[in-house]
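The working numbering puts the first residue of the sequence shown at 275, with every later residue one more than the last. Ideal placement from N, C-alpha and C gives every residue a C-beta, glycine not left out. Bear in mind that the values here come from a model prediction, so they are computed numbers and not experimental data. Heads up, the thing below is written out as structure tokens.
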Amino acid sequence: MSTSSAGGSDSSPAAISAVGLRKSYGDKTVLDGIDLRIPVGSVFALLGANGAGKTTTVQILSTLISADGGRVEVAGHDLAAAPQRVRAAIGVTGQFSAVDGLITGEENMLLMADLHHLPKADGRRVAAELLDRFDLTAAAKKPASTYSGGMKRRLDIAMTLVGSPRVIFLDEPTTGLDPRSRHTMWQIIRALVADGVTVFLTTQYLEEADQLADRIAVLHHGRIAAEGSAEELKRLVPGGHVRLRFTDPHTYHQAATALRETTRDDKALTLHIPSAGSQRELRALLDWLDAAGVEADELTVHTPDLDDVFFALTGETSEVNEANHTNETRESVR
Ligand code: ATP
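Pasting the structure below:
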């Protein structure tokens, strides 16, 4: 790819590059000038709230719908000039499964092999290999309608891989899956990348982006609000805090008065004290609480994570997320 190609002059080759991507539906602007550059063999995660335009982006980059403006190259081909070449190089697994439930898993695979014009013997070999790789051999002869959600998703990806795509779009690949199936899907995605495949992923799960993606972009109001590695994005939000939770309103108000340098949430009876969470800081904090006669019912150390980045960038808050943070350590004050 030349240095004049869409996406800039970075020396590593880009699997996907877009400059000034725009799309509107009626008077609603969904994409308002998006720039992307995704190096070959990396995982890129596009994050955004419901309706942010993630699926629209995937649909444009995978030739399913056309953009109103902008320039895109996928796998070295100009999207507008050579959509067939782009199509031949990519695989797409959408939010809605391409699996036909009325036929077996194996038949779904052979159908894909036919669509890719593979000779019969090659089609059977590739189908058998992929069914084996995705742990679907035992279920291969059963109708796909009898498969669990996780099995269907695995079959969907296996079908996408029949054409040996170098760039794969996965639109919310783990939505609705249980934790075990989600982890299996993550292993599958990591294995694809180890083979040199480039993965463009959309997700609403920040943990998923944290686990898988080399680069993450947050889509908000039609623009990329921030882009970087998980660590870079986490550095965008203020540092961590210690959260003290009380059950008794009287104790809470006493503590809130005694501890002035805190952010208070009178409804949730919690106090947030800025802290990086180091052992030294925590010891000093506990001494300070002792000296002030404060006894919280729960003390939680909270380091910034992608949820914080997402909520800081999109201006949304969530009590539920506060409760679900995975990088908290919990202990009783006393
Ligand atoms: P979700 O996480 O809910 O799937 P998303 O980020 O993928 O959301 P899109 O599906 O890309 O969002 O939709 C972006 C916006 O464009 C939404 O407001 C949606 O209603 C609108 N939109 C999408 N497709 C069409 C269409 N064919 N006609 C009109 N509006 C559309």
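Buried/exposed call for residue i, threshold 16 Cβ in 10 Å
i	result
ALA558	exposed
ILE312	buried
THR448	buried
GLU535	exposed
PRO264	A query on residue 264 cannot be resolved here, the shown segment of the chain reaching from 275 to 608 and no further.
ILE490	buried
ARG399	exposed
SER419	exposed
LYS297	buried
ALA530	buried
ARG554	exposed
GLY375	exposed
THR591	At THR591 the pLDDT is 46, less than 50, meaning the model places this residue with poor confidence; the figure from the coordinates comes in the next sentence. Counting Cβ neighbours within 10 Å, THR591 comes out exposed, since fewer than 16 surround it.
TYR610	Only positions 275 to 608 of the chain appear in the structure, and residue 610 is not among them; the question remains open.
TYR299	exposed
Limits of the alpha helix (DSSP H) - the one that residue i falls within
i	result
GLY424	423-435
ASP388	379-389
PRO512	That residue, PRO512, is in no alpha helix (DSSP H); it is neither H nor E in DSSP.
THR588	580-588
VAL314	Neither: VAL314 is in no alpha helix (DSSP H) and is coded neither H nor E.
LEU493	Not the alpha helix (DSSP H): LEU493 falls in the beta strand (DSSP E), residues 489-494.
GLY551	GLY551 -> no alpha helix (DSSP H), and no H or E assigned at all.
VAL467	453-468
8 Å CB neighbourhood of residue i in its chain, flanking five on each side removed
i	result
ARG359	ALA349 and HIS351
GLY294	GLY307, ILE308, ASP309, GLY343, GLY344 and ARG345
HIS494	GLY322, ALA323, ALA326, LEU587 and THR588
GLY423	GLY450, LEU451, ASP452 and SER455
LEU556	VAL516, SER549 and VAL575
GLU482	ALA319, THR448, ARG456, TRP460 and LEU475
ARG407	ALA432
Residue range of the beta strand (DSSP E) that includes residue i
i	result
GLU501	497-502
ALA292	288-299
ALA570	First-last for ALA570: undefined, no H or E at that position.
LEU475	472-477
ARG345	343-348
GLY397	Here GLY397 belongs to no beta strand (DSSP E); instead the alpha helix (DSSP H) covers 394-407.
LEU444	441-445
THR537	537-539
ILE339	Element bounds for ILE339: n/a, residue is neither H nor E.
THR367	364-367
Neighbourhood of residue i by C-beta, 7 Å cutoff - its chain only, sequence neighbours within 5 removed
i	result
GLY397	LEU384, ALA387 and ASP388
GLU380	ALA401, LEU405, ALA414 and LYS415
GLY368	ASP445
SER339	For the record, residue 339 in the displayed sequence is Ile; it is not Ser. Only GLN333 meet the Cβ criterion.
ARG361	THR337
Cβ-based neighbour list, residue i, same chain, cut-off 6 Å, excluding 5 preceding and 5 following
i	result
ALA499	VAL492 and LEU587
ASP484	ALA504 and LEU580
Nearest-angstrom Cβ-Cβ length linking residue i and residue j, presumed shorter than 8 Å
i	j	result
LEU475	ALA319	5 Å
ALA487	VAL317	5 Å
SER371	ASP430	5 Å
VAL575	LEU533	Contact doesn't hold; Cβ gap of about 16 Å is too wide.
ASP564	ARG519	That belief does not hold up - the Cβ atoms of ASP564 and ARG519 are roughly 18 Å apart, past 8 Å.
MET425	LEU410	6 Å
PHE443	VAL366	5 Å
Residue i at chain C interface by Cβ criterion, 7 Å
i	result
ARG554	Protein chains in the displayed structure number just one, and chain C is not present.
Any residue with its C-beta under 5 Å from a non-hydrogen atom of the ligand ATP counts. Can you list them all in chain order? TYR299, VAL304, GLY322, ASN324, GLY325, ALA326, GLY327, LYS328, THR329 and THR330
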